[in-house]
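J.: So the sequence shown is numbered by our numbering: it starts at 91 and just counts up by one. All C-beta atoms, glycine included, are put in the ideal place defined by N, C-alpha and C. Please see the structure below; I have some questions.
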Amino acid sequence: MAKAIYTLKMTMFKNEFELTPRELRSLQEMSVFIILIYARAWFEAPLAADAPFNDLTLFHDLHKYRDLNSKISEATVKTFKRHFWYLGTDLVGLALFSDKVTIEEKTKMVEKLAIDKDLDKKRWTTAPQDPSFCHFE
Numbered sequence: 091m092a093k094a095i096y097t098l099k100m101t102m103f104k105n106e107f108e109l110t111p112r113e114l115r116s117l118q119e120m121s122v123f124i125i126l127i128y129a130r131a132w133f134e135a136p137l138a139a140d141a142p143f144n145d146l147t148l149f150h151d152l153h154k155y156r157d158l159n160s161k162i163s164e165a166t167v168k169t170f171k172r173h174f175w176y177l178g179t180d181l182v183g184l185a186l187f188s189d190k191v192t193i194e195e196k197t198k199m200v201e202k203l204a205i206d207k208d209l210d211k212k213r214w215t216t217a218p219q220d221p222s223f224c225h226f227e
């Protein structure tokens, strides 16, 4: 978050620096990303019960960000996918304590956990044939 704060400060005080047009454009692009996407994800990260919901929301937001800046969107989605290894069914239980997940969704989660006995062996991954598609393996 320190780099994000410095990026925002540099953007605010851009007239105090001798920046090239490319540097200025990059600072502005990163500042927009920080404000629209990164800040909320950062501040909600410590809430363990909301982590599964927040991770999926962030992943969705990163994909939607493609409409504003495809280069940043692609880079952040690629980086985020490297963290999918820890998204397993053992962490889904956290979402049962989240206020962001509806009762209907929680009911479906419990039903699915009761049916599929091999869920503890599954992890969220990206399919090798299509890196944009994610699924449980």
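Would you call the segment 186 to 193 in contact with the segment 139 to 158, where contact means no fewer than 3 C-beta pairs closer than 8 Å?
T.: Yes: the two stretches touch, three or more of their Cβ pairs being nearer than 8 Å.
J.: Could you check whether E119 and N159 sit closer than 7 Å to each other, using their CB atoms as the reference points?
T.: It is a contact, given that the beta carbons lie within the stated cut-off.
J.: Could you pull out every unbroken alpha helix (DSSP H) segment of at least 4 residues lying fully inside the segment 110 to 137, listed in chain order?
T.: Within the segment 110 to 137, the complete alpha helix (DSSP H) runs of at least 4 residues are 111 to 123, 129 to 134.
J.: What is the DSSP secondary structure of L184, counted as helix, strand or coil?
T.: The answer is helix: DSSP assigns L184 an H, G or I state.
J.: Hey, would you say Q163 sits closer than 7 Å to L152, going by beta carbons?
T.: The amino acid at residue 163 is misidentified as Gln; the sequence shows Ser. Yes, they are a contact pair.
J.: Figure out for me which residue from S116, R156, M91 has the closest Cα to the Cα of R130.
T.: For R130, the nearest C-alpha among the options comes from M91.
J.: My assumption, with CB atoms under 8 Å, is that L114 sits in contact with K99. Please give the rounded CB distance.
T.: Actually they are not in contact, since the Cβ atoms of L114 and K99 sit about 14 Å apart, beyond 8 Å.
J.: Assuming the contact rule is C-beta atoms closer than 8 Å, A94 and I127 should be a hit. Round their C-beta distance to whole Å, please.
T.: With a Cβ gap of about 11 Å, A94 and I127 do not count as contacting.
J.: Is the CB-CB distance between S116 and T101 below 7 Å?
T.: Not closer than 7 Å, so no.
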